[in-house]
Amino acid sequence: MTVFKGFLLLAKRNIGIGIMYLGIFLSIAIAIERVGGAKAQTSFEETSLKIGVVDEDHSELSQGLKEYLSTKHTVTSYPMDKSLLQDKLFYRDISYIIYIPENFEEKVIQNGDSLSVTKLPDSTSAIYGDQEIDAFLNGIRTLKTSGFSTSEAVDEMLDSTKIETSITLVDSNGNGGTIAPHSFYYQYMPYIMLAICCFIFGTIYLEYRNLDLKRRLLCSSISSRKQNMELLLGTLAVGFLLFLIITGLALILYGRNMTNDSNIWHYIANSFLLLVMSLSLAFLVGNLIDRENLLNPITNILSLGMAFLCGVFVPMEFLGSGVLTVAKFLPVYWYEIANDILAHNTILSASQMATLIKCYGIQLLFAAAFFSVSIVVSRLMQQKQ
Amino acid sequence: MIQIENLVKRYGSLVALDHLNLNIEEGEIFGLLGPNGSGKTTAINCLLALLRYDKGDIRIFGKPMKPNSYDIKKDIGVVMQNVAVFDLMSVYENIDYFCGLYVTNKKKRKLLVEEALEFVGLSDYRKMRPKKLSGGLLRRLNIACGIVHKPKLIIMDEPTVAVDPQSRNKILEGIMELNRQGSTIIYTSHYMEEVEQICSRIAIMDKGRAIATGTTEELKKMIKTGEIILIDAISLTPDELARIQELPHVYDVSYTDHKLKIKLSSGKHNLVRVLEYLQSEDIYFGRVLSELPTLNDVFLEITGKELRD
Chain A
-11 MTVFKGFLLL
-1 AKRNIGIGIM
9 YLGIFLSIAI
19 AIERVGGAKA
29 QTSFEETSLK
39 IGVVDEDHSE
49 LSQGLKEYLS
59 TKHTVTSYPM
69 DKSLLQDKLF
79 YRDISYIIYI
89 PENFEEKVIQ
99 NGDSLSVTKL
109 PDSTSAIYGD
119 QEIDAFLNGI
129 RTLKTSGFST
139 SEAVDEMLDS
149 TKIETSITLV
159 DSNGNGGTIA
169 PHSFYYQYMP
179 YIMLAICCFI
189 FGTIYLEYRN
199 LDLKRRLLCS
209 SISSRKQNME
219 LLLGTLAVGF
229 LLFLIITGLA
239 LILYGRNMTN
249 DSNIWHYIAN
259 SFLLLVMSLS
269 LAFLVGNLID
279 RENLLNPITN
289 ILSLGMAFLC
299 GVFVPMEFLG
309 SGVLTVAKFL
319 PVYWYEIAND
329 ILAHNTILSA
339 SQMATLIKCY
349 GIQLLFAAAF
359 FSVSIVVSRL
369 MQQKQ
Chain B
290 MIQIENLVKR
300 YGSLVALDHL
310 NLNIEEGEIF
320 GLLGPNGSGK
330 TTAINCLLAL
340 LRYDKGDIRI
350 FGKPMKPNSY
360 DIKKDIGVVM
370 QNVAVFDLMS
380 VYENIDYFCG
390 LYVTNKKKRK
400 LLVEEALEFV
410 GLSDYRKMRP
420 KKLSGGLLRR
430 LNIACGIVHK
440 PKLIIMDEPT
450 VAVDPQSRNK
460 ILEGIMELNR
470 QGSTIIYTSH
480 YMEEVEQICS
490 RIAIMDKGRA
500 IATGTTEELK
510 KMIKTGEIIL
520 IDAISLTPDE
530 LARIQELPHV
540 YDVSYTDHKL
550 KIKLSSGKHN
560 LVRVLEYLQS
570 EDIYFGRVLS
580 ELPTLNDVFL
590 EITGKELRD
């Protein structure tokens, strides 16, 4: 097993680079998880708006509207002072202003005029405020049409606010509606896996591609077939060790959060296939380049390029359709699709499971393709030599 | 020990080996001497089954040599023309790696590696990486990797190229020591002094053929020249030159820039006879040198060109 042991020795020589890449990876994964990972939401609470009301009608109906809104929101009455109201809105003392005109009932309920409001453009408070007013006015209109007096209609609407609805949070991934922290770790994994594999294994393969060394090894009493098998074994052993380290780090960092995740085996399977693909790609890189100074730039192009194109550093929802079309031709895209499904769902539906299996299969196909091309390249190089 | 018969190797229209015949006996240091491009390295590569040849037969230890002749390969040590070591491994690790390709027993390997380190004088550099070694030390490491498993046959392809004279002497002494320890050595070089110094038998190669084979003395006897006399600072007339040409054993005289070069066939008192003639004619002269023919003279006389190109 001299060749195998030699391979391990050469891998050991590159351990410093591996630790450096792991450090970068862990820093990014932990930092992003801390910054981007939202706090888990475990209870429901209705949102309350700060509403200012200018009531020029002072009728039973306008009082009813204010009371109706007060059940959920903070309602404050203001005189008709435009600059005061604009200041209040600007400094966010209030987020919504309602102007109730004289003859409110006649103008708005009977004639169907819209109620004049001032709101923060394109804000959720504006939409929510609109919905609340519409609910009240539509309710009054319906009740009046049904024969209720204004007073009865207002009472009915106020009574309706006393009805409580029970809310159940549907927690699809067990993290209170947020993404599990370890999924960020797995999201960034392709960068580290590709960088470490291409650099470390590329460096070793490059040593063995030295023509003089190759010829010298061919003179030995160990067949080249056996030597190649031992090299392959070395690659798999070091690759598996890398996989164990990365998975072990995830378990140390995220502990129970990860072990309690029902998708843990899928995360492991997905990252294992990523490793197989990365090893295969590293083998191709080692066979294609013939100079050590090319290894670093090519490693960076591959790892960073795929990371940016396939949703590792920038989530896929922010990527353009053109970029995503290109990304479909890269293996990391399929890894990230699978990771996305695992991050957002605790219980996998049949279609999600089918997509996962498709992603796994495509990654395997990429690994097989890279390996086959490497063999062809290697043969061509040998013939050339 | 080694028989090469009618070996032919072509690269397209170029004939690298043209019916090469060699017979190397056990215990020899056999020199393959020839200018660059004469076919030495091609012959070695065919011998090691690294190259396929078009015609001929190679037998080592009485068995045909093929790419999968691992039983033969285990007894062969190879020192390539270019240094073939792992840059990422230390001196010790490199020697151990190459030893491991032949010897599986860990204890035995450790002993052999230590011996090889001692033999090439790299014990103090065992932890250094090859990139930090000088050219001479690197060559010594290359040799250590080739001989560490104590092979019966060692093939060295120009192991002293680009090596300083001090390291070269150390390497040559080492090769002779290996031979004394029982290894048969095939040594290729285009440095004739080296080959003359260490080889028991020599084949001179040119255009893919062994144009002459034998010991140094045998090779020198193959040519007409037995002695060369050089005389500096001399003034001669054409008549005097003609009379020198007529002296016994003289077969070639050249005179340029007041320097006289006389080639003579083997014979007694050649130098005395030339000097007596100059004295009798009262011809003044400066420095006088008498040289025996070198391998270069052998090569020059056989091929009509210099060995060193």
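Listed in order, the protein sequences are those of chains A and B.
Residue 318 in this note's numbering sits at position 330 of the first sequence; the count goes up by one each step and never skips.
Residue 598 in this note's numbering sits at position 309 of the second sequence; the count goes up by one each step and never skips.
For glycine and all other residues, C-beta sits at the position ideal for the given N, C-alpha and C.
Nearest to residue i by CA position, among the options, is which residue?
| i | options | result |
| --- | --- | --- |
| Arg22 (chain A) | A:Ile85, A:Ser171, A:Asp147 | A:Ser171 |
| Phe271 (chain A) | A:Phe317, A:Val63, A:Ile184 | A:Ile184 |
| Phe38 (chain A) | A:Thr130, A:Glu120, A:Ala326, A:Phe260 | Correcting the residue identity first, residue 38 (chain A) is Lys in this sequence and not Phe. Of the candidates A:Thr130, A:Glu120, A:Ala326, A:Phe260, the one whose C-alpha sits nearest the C-alpha of Lys38 (chain A) is A:Glu120. |
| Phe354 (chain A) | A:Lys316, A:Gly40, A:Pro169 | A:Lys316 |
| Ser36 (chain A) | A:Glu324, A:Leu57, A:Phe231 | A:Leu57 |
| Ala114 (chain A) | A:Gly40, A:Phe(-8), A:Ala19 | A:Gly40 |
| Leu352 (chain A) | A:Ser268, A:Asn275, A:Leu77, A:Val364 | A:Ser268 |
| Thr112 (chain A) | A:Ser83, A:Glu144, A:Asn248 | A:Ser83 |
| Tyr348 (chain A) | A:Arg244, A:Glu140, A:Phe231, A:Pro319 | A:Pro319 |
| Ser15 (chain A) | A:Tyr176, A:Met(-11), A:Ser148 | A:Tyr176 |
| Thr635 (chain B) | B:Leu430, B:Glu315, B:Asp453 | Since the displayed chain B opens at 290 and closes at 598, residue 635 (chain B) lies outside it and no answer follows. |
| Lys344 (chain B) | B:Lys298, B:Lys355, B:Phe375 | B:Lys298 |
| Ile350 (chain A) | A:Phe(-8), A:Gly100, A:Tyr179, A:Glu324 | A:Glu324 |
| Ala611 (chain B) | B:Asn585, B:Val367, B:Arg428 | Because residue 611 (chain B) is not part of the residues shown, which for chain B are 290 to 598, the question remains open. |
Let me check you understand the geometry: is the CB of residue i closer than 7 Å to at least one non-hydrogen atom of the ligand SAM?
| i | result |
| --- | --- |
| Val63 (chain A) | Although the ligand SAM was asked about, the structure shown includes no ligands whatsoever. |
What do you reckon, are the CB atoms on residue i and residue j nearer than 8 Å?
| i | j | result |
| --- | --- | --- |
| Glu280 (chain A) | Leu(-2) (chain A) | no |
| Ile443 (chain B) | Ala405 (chain B) | no |
| Leu146 (chain A) | Gly52 (chain A) | yes |
| Asp43 (chain A) | Ile88 (chain A) | yes |
| Ile523 (chain B) | Phe574 (chain B) | yes |
| Tyr342 (chain B) | Leu311 (chain B) | no |
| Pro582 (chain B) | Arg562 (chain B) | no |
| Asp364 (chain B) | Lys441 (chain B) | yes |
| Leu293 (chain B) | Leu309 (chain B) | Checking the displayed sequence, the identity of residue 293 (chain B) turns out to be Ile instead of Leu. Cβ distance < 8 Å, so Ile293 (chain B) and Leu309 (chain B) count as in contact. |
| Glu494 (chain B) | Ile475 (chain B) | Note that residue 494 (chain B) is Met in the sequence shown, not Glu. Cβ distance not < 8 Å, so Met494 (chain B) and Ile475 (chain B) don't count as in contact. |
| Val409 (chain B) | Ala433 (chain B) | yes |
| Ala17 (chain A) | Tyr173 (chain A) | yes |
| Asp457 (chain A) | Asn371 (chain B) | Since the displayed chain A opens at -11 and closes at 373, residue 457 (chain A) lies outside it and no answer follows. |
| Ala305 (chain B) | Leu321 (chain B) | no |
| His479 (chain B) | Gly323 (chain B) | yes |
| Leu519 (chain B) | Lys552 (chain B) | no |
| Ser211 (chain A) | Asn334 (chain B) | no |
| Asn327 (chain A) | Asn258 (chain A) | yes |
| Leu283 (chain A) | Gly190 (chain A) | yes |
| Ile517 (chain B) | Glu580 (chain B) | yes |
| Met290 (chain B) | Ile313 (chain B) | yes |
Interface residues of chain E around residue i at Cβ under 8 Å?
| i | result |
| --- | --- |
| Ile365 (chain B) | You won't find chain E in this structure, because its protein chains are A and B. |
Quiz item: Relative to chain A, which residues along the segment 371 to 391 of chain B have a C-beta separation below 9 Å, given in chain order?
Solution: Residues of the segment 371 to 391 of chain B with a C-beta less than 9 Å from any C-beta of chain A: Asn371, Val372, Ala373, Val374, Phe375, Asp376, Leu377, Met378, Glu382, Asp385, Tyr386, Phe387, Cys388, Gly389, Leu390, Tyr391, listed in chain order.
Self-check item: Residues of the segment 166 to 193 of chain A with Cβ closer than 7 Å to any Cβ of chain B, in chain order
Solution: For the segment 166 to 193 of chain A, which is checked against every Cβ of chain B, not one residue is closer than 7 Å.
Quiz prompt | Members of the segment -2 to 10 of chain A near chain B, C-beta cut-off 7 Å | solution = With the criterion set as a beta carbon lying under 7 Å from some beta carbon of chain B, the members of the segment -2 to 10 of chain A are Leu(-2), Arg1, in sequence order.
Practice problem: Identify each residue in the segment 340 to 358 of chain B for which the Cβ-Cβ distance to at least one residue of chain A is less than 9 Å, and report them in chain order. | Solution: Within the segment 340 to 358 of chain B, the residues whose Cβ lies closer than 9 Å to any Cβ of chain A are, in chain order, Pro356, Asn357.
Exercise. Run through the segment 339 to 422 of chain B for me and flag every whole beta strand (DSSP E) of 3 or more residues, listed as ranges in chain order.
Key: If we require 3 residues or more, the beta strand (DSSP E) runs fully inside the segment 339 to 422 of chain B come out as 344 to 349, 365 to 368.
Quiz item: Are the segment 46 to 57 of chain A and the segment 85 to 99 of chain A in contact at 8 Å, needing three or more beta carbon pairs?
Solution: Yes, the segment 46 to 57 of chain A touches the segment 85 to 99 of chain A.
Exercise. Count the CB pairs spanning the segment 389 to 402 of chain B and the segment 3 to 21 of chain A that are closer than 8 Å, and state whether there are at least three.
Key: Output reads no: the segment 3 to 21 of chain A does not touch the segment 389 to 402 of chain B.
Self-check item: Completely contained alpha helix (DSSP H) runs for the segment 539 to 574 of chain B, where each covers 4 or more residues
Solution: For the segment 539 to 574 of chain B, whole alpha helix (DSSP H) runs of length 4 or above, ordered along the chain, are 559 to 569.
Quiz item: Is the segment 356 to 369 of chain A touching the segment 337 to 347 of chain A in the sense that three or more CB pairs, one from each, lie closer than 8 Å?
Solution: Touching, no, given that fewer than three Cβ pairs across the two stretches are closer than 8 Å.
Quiz prompt | Runs of alpha helix (DSSP H) lying entirely within the segment 94 to 149 of chain A, each at least 4 residues, in chain order | solution = Within the segment 94 to 149 of chain A, the alpha helix (DSSP H) runs of at least 4 residues that lie entirely inside it are, in chain order, 112 to 133, 138 to 148.
Quiz item: Which residues, in order along the segment 197 to 212 of chain A, keep a beta-carbon less than 9 Å from a beta-carbon of chain B?
Solution: If the cut-off is 9 Å between Cβ atoms, the segment 197 to 212 of chain A has Asn198, Leu199, Asp200, Leu201, Lys202, Arg203, Arg204, Leu205, Leu206, Cys207, Ser208, Ser209, Ile210, Ser211, Ser212 near chain B.
Self-check item: Contiguous beta strand (DSSP E) assignments of at least 3 residues, all confined to the segment 447 to 503 of chain B
Solution: Counting whole runs of 3 or more residues, the segment 447 to 503 of chain B contains the beta strand (DSSP E) stretches 473 to 478, 490 to 495, 498 to 503.
Self-check item: Minimum length 4: unbroken alpha helix (DSSP H) runs contained in the segment 306 to 365 of chain A
Solution: Whole alpha helix (DSSP H) segments, 4+ residues: 309 to 315, 319 to 332.
Quiz item: When Cβ atoms are compared, which residues of the segment 213 to 239 of chain A fall closer than 9 Å to chain B?
Solution: Answer set for the segment 213 to 239 of chain A: Gln215.
Practice problem: Note down, in chain order, all residues in the segment 309 to 340 of chain B with a beta-carbon under 7 Å from any beta-carbon belonging to chain A. | Solution: Under the 7 Å Cβ criterion, the segment 309 to 340 of chain B contributes Leu337, Leu339.
Exercise. Report the residue ranges of all alpha helix (DSSP H) runs contained in full by the segment 185 to 231 of chain A; include only those spanning at least 4 residues, in chain order.
Key: Segments of the alpha helix (DSSP H) lying fully in the segment 185 to 231 of chain A: 190 to 197, 199 to 206.
Practice problem: Report the residues of the segment 437 to 450 of chain B with a CB closer than 8 Å to any CB of chain A, ordered along the chain. | Solution: Within the segment 437 to 450 of chain B, not one residue has a Cβ closer than 8 Å to any Cβ of chain A.
Quiz prompt | Selection of the segment 402 to 420 of chain B by Cβ proximity to chain A, strictly under 7 Å | solution = Flagged: no residues at all.
Quiz item: In chain order, what residues of the segment 283 to 312 of chain A put their CB closer than 9 Å to some CB of chain B?
Solution: Contacts with chain B (Cβ-Cβ distance below 9 Å) from the segment 283 to 312 of chain A involve no residue at all.
Exercise. Taking 8 Å as the threshold, find out whether the segment 216 to 232 of chain A comes into contact with the segment 304 to 312 of chain A through three or more Cβ pairs.
Key: Here the segment 216 to 232 of chain A does not lie against the segment 304 to 312 of chain A, with fewer than 3 beta-carbon pairs under 8 Å apart.
Practice problem: Report yes or no: do three or more beta-carbon pairs, one from the segment 292 to 306 of chain A and one from the segment 239 to 257 of chain A, lie closer than 8 Å? | Solution: At 8 Å Cβ cutoff, the stretches do not touch.
Quiz prompt | Inter-stretch contact at 8 Å, needing at least 3 Cβ pairs: the segment 378 to 391 of chain B / the segment 410 to 419 of chain B | solution = Contact between the segment 378 to 391 of chain B and the segment 410 to 419 of chain B is present, because at least three Cβ pairs lie under 8 Å.
Self-check item: chain B contacts made by the segment 311 to 343 of chain A, where a contact means CB separation under 9 Å
Solution: Residues: none.
Quiz item: When Cβ atoms are compared, which residues of the segment 264 to 276 of chain A fall closer than 7 Å to chain B?
Solution: Going along the segment 264 to 276 of chain A in chain order, one finds no residue with a Cβ nearer than 7 Å to chain B.
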